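Worksheet: one structure, shown below.
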Ligand code: EPZ
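In my numbering, the protein residues as written are 7 to 427.
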């Protein structure tokens with residue numbers, strides 16, 4: 007397994023290009039299953055999770071092809087009638103977002119059999135909302151041998167209110183409703199930019215979705231959708247990770263392609279710690295302050311502070327002048343990075359959903375282990391700041407959501423390298 011070695015203490019200065027958003031690419035790839043024909047998605051990040059979903063498509067009978075040269079950012083997907091609507095366990099367990107094929111398959115083919123994703127490091131992550139919503143649309147759901155089977159001659163539009171705000175739950179039901187008979191109304195829907203981006207793509211395919219980006223979605227079903235060529239929005243979490251890296255190292259970094267309107271809550275919190283964050287013509291710039299101020303954060307559904315940035319901001323708060331409270335309200339076990347940060351000298355105490363972060367003058371480099379995607383990003387950030395060398399193991403977690411991270415950070419002056427074992 008690869009390791010990443012970081013020599014801390016370098017100021018990060020310069021420009022870095024943000025990639026396409028993982029959490030937009032995955033639902034949009036699933037969305038093309040709703041229409042036969044040749045689709046092309048642009049600005050698709052080259053990530054392990056994207057490759058995993060393409061592998062699933064091949065197993066189901068949809069052909070995918072990454073472009074070359076000027077089209078290297080594009081993926082072409084050929085979808086035809088003869089799809090095998092099954093997502094096997096040994097693939098779904100490596101990437102739970104595979105559950106996003108459920109809605110499109112049952113909507114277009116009347117049948118889908120998808121392995122139950124199971125939990126992961128950050129929580130149980132049930133899919134009860136996905137299943138309750140599909141039942142509401144008339145699907146017959148059976149659970150056996152670790153698989154969920156959904157069947158429906160024809161989905162029928164209905165009103166469904168989510169018990170909890172669910173990003174992929176909203177995406178799954180929005181996709182299914184596109185081909186249902188009549189109108190579907192989804193209440194308490196997720197408002198993430200990735201949900202809105204998916205709706206834009208589906209409407210470009212001929213769907214009739216209104217209200218995306220708000221808690222109330224209206225979808226009027228249509229008989230069929232057409233193939234699409236569509237771009238993926240920039241990754242606000244990757245962008246946010248680089249902004250934190252600049253603040254952490256008293257650097258000055260322009261994240262090109264970042265959209266400030268997708269990152270308001272994060273930008274507000276970075277400014278509260280004393281960093282200077284400005285929206286520029288072609289991106290968002292962060293200039294780190296000499297003194298990092300403490301601030302409290304509470305993770306919430308969008309437009310609240312994103313849970314996917316909690317671990318990264320905690321690194322900044324761990325070297326602030328004072329104490330901060332970090333409350334994780336979205337997932338039940340998303341403080342796994344705290345144990346590793348503590349080994350680097352951070353002073354953090356956990357009490358249930360709250361972590362009390364007492365700032366220390368600096369962190370010290372150490373061998374650490376990544377446990378999940380955003381925890382691994384947090385450990386890389388900690389290594390950039392810490393005195394001495396940090397070695398991060400199990401970086402396959404990082405590769406699920408960050409494209410060439412060590413190259414991008416090296417380009418900003420970091421002393422970082424990947425050691426392939
Ligand atoms: C999406 O996961 C993202 N993944 C996650 O990003 C992100 O952390 C999360 O949304 C929250 O923003 C993708 O978009 C591929 P949820 P998702 O359903 O949809 C509970 C990353 O690091 N819930 O919004 O799986 C659930 O347990 C990843 O890029 C139910 O109870 O998250 C959680 O507590 C990590 N029943 C809360 O809702 C359900 O049926 C939010 O989960 C569904 C969810």
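Every residue gets a Cβ at the ideal spot worked out from N, C-alpha and C, and that includes glycine. Model, not experiment: these values are computed from the prediction.
N-terminal and C-terminal residue of the alpha helix (DSSP H) that residue i is part of
{"i": "residue 311", "result": "Here residue 311 belongs to no alpha helix (DSSP H), and DSSP marks it neither H nor E."}
{"i": "residue 379", "result": "379 to 391"}
{"i": "residue 159", "result": "Premise fails: residue 159 is in no alpha helix (DSSP H) and is neither H nor E."}
{"i": "residue 428", "result": "With the chain covering only 7 through 427, there is no way to say anything about residue 428."}
{"i": "residue 242", "result": "242 to 254"}
{"i": "residue 268", "result": "Neither: residue 268 is in no alpha helix (DSSP H) and is coded neither H nor E."}
Exposure of residue i, with buried meaning 16 or more beta-carbon neighbours within 10 Å
{"i": "residue 28", "result": "buried"}
{"i": "residue 328", "result": "exposed"}
{"i": "residue 90", "result": "exposed"}
{"i": "residue 139", "result": "buried"}
{"i": "residue 151", "result": "exposed"}
{"i": "residue 284", "result": "exposed"}
{"i": "residue 26", "result": "buried"}
Beta carbon of residue i nearer than 7 Å to that of residue j
{"i": "residue 261", "j": "residue 289", "result": "yes"}
{"i": "residue 160", "j": "residue 187", "result": "yes"}
{"i": "residue 191", "j": "residue 165", "result": "yes"}
{"i": "residue 181", "j": "residue 110", "result": "yes"}
{"i": "residue 10", "j": "residue 282", "result": "no"}
{"i": "residue 137", "j": "residue 85", "result": "no"}
{"i": "residue 212", "j": "residue 229", "result": "no"}
{"i": "residue 218", "j": "residue 205", "result": "yes"}
{"i": "residue 348", "j": "residue 354", "result": "yes"}
{"i": "residue 265", "j": "residue 178", "result": "no"}
{"i": "residue 142", "j": "residue 117", "result": "no"}
Any non-hydrogen atom of the ligand SAH within 6 Å of residue i CB
{"i": "residue 174", "result": "Questions concerning the ligand SAH fall outside what the structure shown contains, since the ligands it does hold are the ligand EPZ."}
Per-residue DSSP class, three states only, for residue i
{"i": "residue 135", "result": "helix"}
{"i": "residue 304", "result": "strand"}
{"i": "residue 263", "result": "coil"}
{"i": "residue 273", "result": "helix"}
{"i": "residue 65", "result": "helix"}
{"i": "residue 237", "result": "strand"}
{"i": "residue 56", "result": "helix"}
{"i": "residue 176", "result": "helix"}
{"i": "residue 34", "result": "helix"}
Residue i, enclosing beta strand (DSSP E) - first and last residue
{"i": "residue 360", "result": "360 to 364"}
{"i": "residue 288", "result": "First-last for residue 288: undefined, no H or E at that position."}
{"i": "residue 147", "result": "146 to 150"}
{"i": "residue 165", "result": "165 to 167"}
{"i": "residue 396", "result": "395 to 399"}
{"i": "residue 105", "result": "Here residue 105 belongs to no beta strand (DSSP E), and DSSP marks it neither H nor E."}
Same chain only: Cβ atoms within 7 Å of residue i, ignoring 5 sequence neighbours per side
{"i": "residue 322", "result": "250, 253, 254, 279 and 298"}
{"i": "residue 334", "result": "305, 313, 316, 340, 341 and 359"}
{"i": "residue 417", "result": "20 and 22"}
6 Å CB neighbourhood of residue i in its chain, flanking five on each side removed
{"i": "residue 92", "result": "119"}
{"i": "residue 35", "result": "59"}
{"i": "residue 381", "result": "317, 342 and 343"}
Contact set for residue i: own chain, Cβ-Cβ below 8 Å, skip 5 residues either direction
{"i": "residue 336", "result": "305, 306, 307 and 313"}
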